[in-house]
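Chemist:
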């Protein structure tokens with residue numbers, strides 16, 4: 006069990022540029038989540054995949070954000086035309102079953118984004 | 711809608727003293743409850759969780775929490791603080807109803823352990 010892997014761990018980008026983060030979940034987990042965390046706040050839900058299907062998106066996920074999970078394995082989160090307000094840590098998590106069944110979700114170490 | 715309130719954004723305790731981190735939730739149905747710990751520049755690690763059954767839950771690193779339905783609370787405790795416990799702690803809820811796929815997190819409590 007190698008855990009949830011995210012890269013890059015840190016990204017500094019200029020405002021207006023596009024950035025992409027990658028997440029590799031725990032291999033037997035078919036559910037994958039993206040959260041965003043800003044300083045002094047708890048993680049906020051962004052989106053959720055079951056296998057390759059994106060089943061839920063938060064209103065926080067504006068049109069500039071897109072997430073994919075081709076073939077139900079790794080996932081990417083792309084932010085287009087970045088803004089300073091996008092600066093945050095982007096956390097990926099995975100689980101073997103639904104949280105509503107009490108299954109734990111396991112988090113990666115996060116990808117820090119700084120938009121300058 | 712469910713929500714989580716963590717009282718005290720910062721808590722300081724002396725090494726060896728009792729740790730008490732407070733978490734209250736609001737939910738229309740009894741939720742599943744979780745405590746996570748986050749060390750600097752790292753992701754979240756599960757400490758413990760309550761789903762059903764015994765209301766006193768033991769977790770890793772000597773932490774435990776008790777689900778009190780009447781008080782809508784799930785406070786985290788540890789009898790004796792260690793320097794390595796210094797971190798940020800998050801309480802989270804998940805509803806045991808179909809169609810809910812996400813956790814709702816509190817704003818976190820930063821624990822400082824004084825030598």
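Protein chains in written order, with the numbering used here: chain Y, 6 to 121; chain W, 711 to 825.
A virtual CB, placed ideally from N, CA and C, is assigned to each residue, including glycine.
Note that this is a predicted model, so its numbers are computed, not measured.
What whole-angstrom Cβ distance do residue 9 of chain Y and residue 93 of chain Y have, given they're in contact under 8 Å?
Modeler: The Cβ separation is near 18 Å, so there is no contact.
Chemist: Thinking residue 109 of chain Y and residue 756 of chain W are a contact (beta carbons under 8 Å), I'd like their distance in whole angstroms, please.
Modeler: Their Cβ separation, rounded to whole angstroms, is 5 Å, which keeps residue 109 of chain Y and residue 756 of chain W in contact under 8 Å.
Chemist: Taking its Cβ as the centre, do 16 or more other Cβ atoms sit within 10 Å of residue 749 of chain W, making it buried, or is it exposed?
Modeler: Exposed.
Chemist: What residue range does the beta strand (DSSP E) around residue 43 of chain Y cover?
Modeler: Run containing residue 43 of chain Y: none; DSSP gives neither H nor E here.
Chemist: Let me know the secondary structure DSSP gives residue 23 of chain Y once reduced to three states.
Modeler: Correct three-state label for residue 23 of chain Y: coil.
Chemist: First and last residue of the beta strand (DSSP E) that includes residue 94 of chain Y?
Modeler: 93–100 is the span of the beta strand (DSSP E), which, as asked, contains residue 94 of chain Y.
Chemist: Can you give the Cα-Cα distance for residue 735 of chain W and residue 729 of chain W, rounded to whole angstroms?
Modeler: Spanning the two alpha carbons is a distance of roughly 20 Å.
Chemist: Name the two residues that bound the continuous beta strand (DSSP E) containing residue 734 of chain W.
Modeler: It spans 734–736 - the beta strand (DSSP E) in which residue 734 of chain W sits, taken as one unbroken run.
Chemist: Quick one: what does DSSP say residue 751 of chain W is sitting in, helix, strand or coil?
Modeler: Residue 751 of chain W: coil per DSSP, three-state reduction.
Chemist: Any C-beta of chain Y sitting closer than 9 Å to the C-beta of residue 817 of chain W?
Modeler: Output row for residue 817 of chain W: interface = yes.
Chemist: Please name the residue or residues paired with residue 12 of chain Y in a DSSP beta bridge.
Modeler: Answer is Y:27, bridged to residue 12 of chain Y.
Chemist: How would you label residue 759 of chain W, buried or exposed, when you count the other beta carbons within 10 angstroms and need 16 or more for buried?
Modeler: Looking at its Cβ environment, which holds 16 or more other Cβ atoms inside 10 Å, residue 759 of chain W is buried.
Chemist: Against chain W, does residue 85 of chain Y count as a neighbour if the rule is that its beta carbon must be under 9 Å from one of theirs?
Modeler: No, no contact with chain W.
Chemist: Which term fits residue 716 of chain W, buried or exposed, when burial requires 16 or more other beta carbons within 10 angstroms of its beta carbon?
Modeler: The residue in question, residue 716 of chain W, is buried, as its Cβ has 16 or more Cβ neighbours within 10 Å.
Chemist: Counting only runs that start and end within the segment 775–809 of chain W, where is the alpha helix (DSSP H) found for 4 or more residues in a row?
Modeler: Qualifying alpha helix (DSSP H) stretches: none in this window.
Chemist: Are the Cβ atoms of residue 114 of chain Y and residue 815 of chain W separated by less than 9 Å?
Modeler: Result no, Cβ atoms of residue 114 of chain Y and residue 815 of chain W do not sit closer than 9 Å.
Chemist: Cβ of residue 746 of chain W less than 9 Å from any chain Y Cβ?
Modeler: By this cut-off, residue 746 of chain W is an interface position.
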